[in-house]
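Quick note: the sequence shown uses this note's numbering, first residue 11, plus one each step. By construction, the Cβ of each residue, glycine as well, lies at the ideal position given by its N, Cα and C atoms. The structure presented is a predicted model; accordingly, all values stated were derived computationally and were not measured.
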Amino acid sequence: MATRSSQLISKDEILSQRLHFDVHKVAIIGAGPAGLAAAKYLKNEGAFQTIDVFEQRDDIGGVWGYTPESSGDHLFSVPQTDAHLGPEQPVWRTKHPINGQAADRLKQPVFLSPVYDLLETNIPRCLMGFSDLNFADDIPLFPKHSQVQSYLQNYAGDIRSLIKFRRQVLDVRPLHGASSDPTLIHAQWRVDSLDLDLGRNQTSIYDAVIVASGHYSVPYVPDIPGVRAWAERYPGAISHSKYYRRPEEFMGKRIVVVGSSASGLDIASQLAAVCQGTLFVAERSHSSLEAGFASNSVIQLVPEISKFIPENQSVLFANGSEAQVDHVLFCTGYLYSMPFLDKLKPPPISDGLRVKHTCLHLIYTPAPTLAFLALPQKVIPFPLSEAQAAVLARLYSGRLSLPSVEELESWEAAHIAQSSNGRSFHRLNFPKDAQYINMLYDWAASAEPREGLDHGGRGKLPKKWGEKEFWVRERFPAIRKAFLEHRKTFGCSPTSLVEIGFIFEGDHIADPSASETRPNDEGAL
11 MATRSSQLIS
21 KDEILSQRLH
31 FDVHKVAIIG
41 AGPAGLAAAK
51 YLKNEGAFQT
61 IDVFEQRDDI
71 GGVWGYTPES
81 SGDHLFSVPQ
91 TDAHLGPEQP
101 VWRTKHPING
111 QAADRLKQPV
121 FLSPVYDLLE
131 TNIPRCLMGF
141 SDLNFADDIP
151 LFPKHSQVQS
161 YLQNYAGDIR
171 SLIKFRRQVL
181 DVRPLHGASS
191 DPTLIHAQWR
201 VDSLDLDLGR
211 NQTSIYDAVI
221 VASGHYSVPY
231 VPDIPGVRAW
241 AERYPGAISH
251 SKYYRRPEEF
261 MGKRIVVVGS
271 SASGLDIASQ
281 LAAVCQGTLF
291 VAERSHSSLE
301 AGFASNSVIQ
311 LVPEISKFIP
321 ENQSVLFANG
331 SEAQVDHVLF
341 CTGYLYSMPF
351 LDKLKPPPIS
361 DGLRVKHTCL
371 HLIYTPAPTL
381 AFLALPQKVI
391 PFPLSEAQAA
401 VLARLYSGRL
411 SLPSVEELES
421 WEAAHIAQSS
431 NGRSFHRLNF
441 PKDAQYINML
451 YDWAASAEPR
461 EGLDHGGRGK
471 LPKKWGEKEF
481 WVRERFPAIR
491 KAFLEHRKTF
501 GCSPTSLVEI
511 GFIFEGDHIA
521 DPSASETRPN
531 DEGAL
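In structure tokens:
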């Protein structure tokens, strides 16, 4: 059993905090799950004159807002290794009149989402949601993307009035203020945005900016020898999972899926039903997620592609084997991209493999009134971003303070020494993700109480993970595999862990016979 203790930040470091803030106006960039959590926690503090959420889409939810469009943006090229492509360009969708009435806008901007038709979460809903709103009991254990979007709609109910829809942030730059108190951080930020309805630029001034724009915009396609010539010779034969929508589009094709992430394995499972011959999944290293997918005789795991051979439309794998294919689908993730911060010095984005000059994957150390939500990967994003939001709300309301800038900067160097300076910098594989959530909870809970706030002045708090959350998190692959096997056998999606034989020792089971359906001891303590 994994331990709940955390080595991410020590108690002494928390107690040594010195810097505090003078913040009255806050801008949040993005109304996806992380941005919604930030707005909720800032609002609950009751300490801010202005809370503005900028969202370039026409609704909340971020990437969970499904878009049937599968092409049209300018962010995909082969190869694609540039994180600095400028503001994301929308596809313009014509609105149709409703009930004979003219549409309020002739066209609406559509920013492509990576959500595909058959996508469902790879996180059980019992662990996925926010602390103050549960998923409905009658939906599948692994919800469909439409059910997640409905959940987020409910979650956003009391903060929707704070959101400026169809407002794209173009530039964020500091306007440094002065303070006679060296421990008081007072710096303003100029935020330039584009009103996509009117086509007009607008400027606003804020005391703090929280970036919650996600990192699923700019696809990453590695520069493998021969890939550019291959793509030019066979137009449309290379794509990225961001633009994948349905397996029928690949009917009868010989396919290689590059990458064995959750999306890569899920998409491969779908394509296996329509492809011609063997479907190859090329991976750089073994993925722990493979255990969560049912075996399929059509799918063959192979080493990464070492070379594209345009002459005969084939690819060469690292083990020396070669295969002729019709389509290569890259499920290789995304680059961190924040075009509105490209002029900021020092720049937080360089090669797009990580966000630089951060402390605890959260604070921009040169100017701590700039913060980032949901940078970590291989995590449970909703509760993690909620815990981050709880800390930021208390920092900016003055109920928490920070260590000195020098101490903040030392964290990044120490983290690089322990992990890496590249793609794995923000990866918090279990149990690090759970420990990180609990560290943030403890930090938020240590804030100075304020009269009038919830919980006796402590304010809104996220959930601290206990033994059950650790237990479920540790068993993700086995739970996912049992879920898929149950659905294949019985033709329906289970809605609880108990249905597929996973019973936590501390849970009360109304029907004692339920434990007898457990296929093995994998789900027991």
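Can you list, in chain order, the residues of its chain with a C-beta nearer than 6 angstroms to that of residue i? Leave out the 5 residues immediately preceding and following it.
i    : result
S214 : V201
N329 : P313
F225 : A small fix is needed here, since residue 225 is His in this sequence, not Phe. Counting only Cβ-Cβ distances below 6 angstroms, and skipping sequence neighbours, we find Y344, Y346.
L29  : T193, I195, S411, L412
W475 : A444, I447, N448
A492 : I510
H84  : Q99
F514 : K478, W481
S407 : E55, A57
D69  : G75
A166 : L46, I70
V219 : A37, V182, W199, L380
P459 : G467, R468
W240 : F318, P320
G432 : L363
Can you round the beta-carbon distance between residue i and residue j to whole angstroms, since I take them to be within the 8 angstroms contact cut?
i    : j    : result
T379 : I195 : 6 angstroms
D452 : V389 : In fact, because the Cβ distance is near 18 angstroms, the residues do not count as touching under 8 angstroms.
S203 : L180 : 6 angstroms
F327 : A292 : 6 angstroms
P472 : S141 : 5 angstroms
Q157 : I149 : 5 angstroms
V221 : L394 : 15 angstroms between Cβ atoms; not a contact.
G40  : F392 : Going by Cβ atoms, the distance from G40 to F392 rounds to 14 angstroms, so no, they are not a contact pair.
R243 : E65  : That pair is no contact at about 40 angstroms.
A457 : R404 : 4 angstroms
So is residue i buried or exposed if we call it buried at 16+ other beta carbons inside 10 Å?
i    : result
I426 : exposed
W102 : exposed
T499 : exposed
G516 : exposed
S331 : exposed
L208 : exposed
M261 : exposed
S190 : Because the pLDDT of S190 is 48, which lies under 50, any placement of that residue in the model is unreliable, and the number read from its coordinates should be weighed accordingly. Burial call: exposed.
R256 : exposed
C502 : exposed
A355 : One detail in the question is off: residue 355 reads as Lys in this sequence, not Ala. Its Cβ having fewer than 16 others within 10 Å, K355 is exposed.
G245 : At residue 245 the sequence reads Pro, which differs from the Gly that was named. Exposed, by the Cβ-count rule.
S430 : exposed
N322 : exposed
E258 : exposed
G269 : buried
S279 : buried
With a threshold of 7 angstroms on Cβ separation, who are the neighbours of residue i within its own chain once the five nearest residues in sequence on each side are excluded?
i    : result
Y254 : Y126, I277, L339
V73  : G42, S123, P124, V125, G224, Y226
G96  : P349
K154 : E130
K6   : For the chain, the structure presents residues 11 to 535; residue 6 sits outside this window and is missing.
Q334 : R264, N322, Q323, S324
L438 : P386, K388, V389, Y446
Can you check DSSP and say which residues form a bridge with residue i?
i    : result
H337 : I265
D181 : D202
C2   : This structure does not reach residue 2, given that the chain is present from 11 up to 535, and the question cannot be answered.
P349 : The partner list for P349 (beta bridge, DSSP) is empty, contrary to what the question assumes.
E484 : E484 is not bridged to any residue.
K35  : T60
L326 : K317, E332
K174 : F64
Y344 : P229
A197 : H186
R210 : D205
What residues in its chain sit with their C-beta under 8 angstroms from that of residue i, if we drop five residues either side in the sequence?
i    : result
A197 : P184, L185, H186, G187, D217, A377, T379
E79  : V101, R103, V120, L122
L418 : C369, I373, T375, P378, L412
S15  : Interpretation of S15 is limited by its pLDDT of 40, a score under 50 that renders its predicted location unreliable; no figure is taken from the coordinates.
P89  : V231, P232, D233, I234, V237, R238
S316 : I234, P235, L326, F327, A328
If you measure from the CB of residue i, is any heavy atom of the ligand COA nearer than 7 angstroms?
i    : result
H436 : With respect to the ligand COA, the structure shown offers nothing to examine, as it has no ligands at all.
Please give the ranges of any alpha helix (DSSP H) in the segment 78 to 156, keeping only runs that are unbroken, at least 4 residues long and fully inside the region. 135 to 138
In chain order, which continuous runs of the alpha helix (DSSP H) of length 4 or greater are located wholly inside the segment 247 to 314? 272 to 281
Which whole runs of the beta strand (DSSP E) in the segment 41 to 84 are 3 residues long or more, in chain order? 60 to 65
Complete runs of the beta strand (DSSP E) confined to the segment 355 to 422 [at least 3 residues]: 380 to 382
Of all the beta strand (DSSP E) runs that stay within the bounds of the segment 212 to 236, which reach a length of 3 or more residues? List check, beta strand (DSSP E) in window: 218 to 221.
Runs of alpha helix (DSSP H) wholly within the segment 432 to 487 (minimum 4 residues, chain order): Annotation note: the segment 432 to 487 contains the following uninterrupted alpha helix (DSSP H) runs of length 4 or greater, listed N- to C-terminal: 442 to 455, 464 to 467, 477 to 484.
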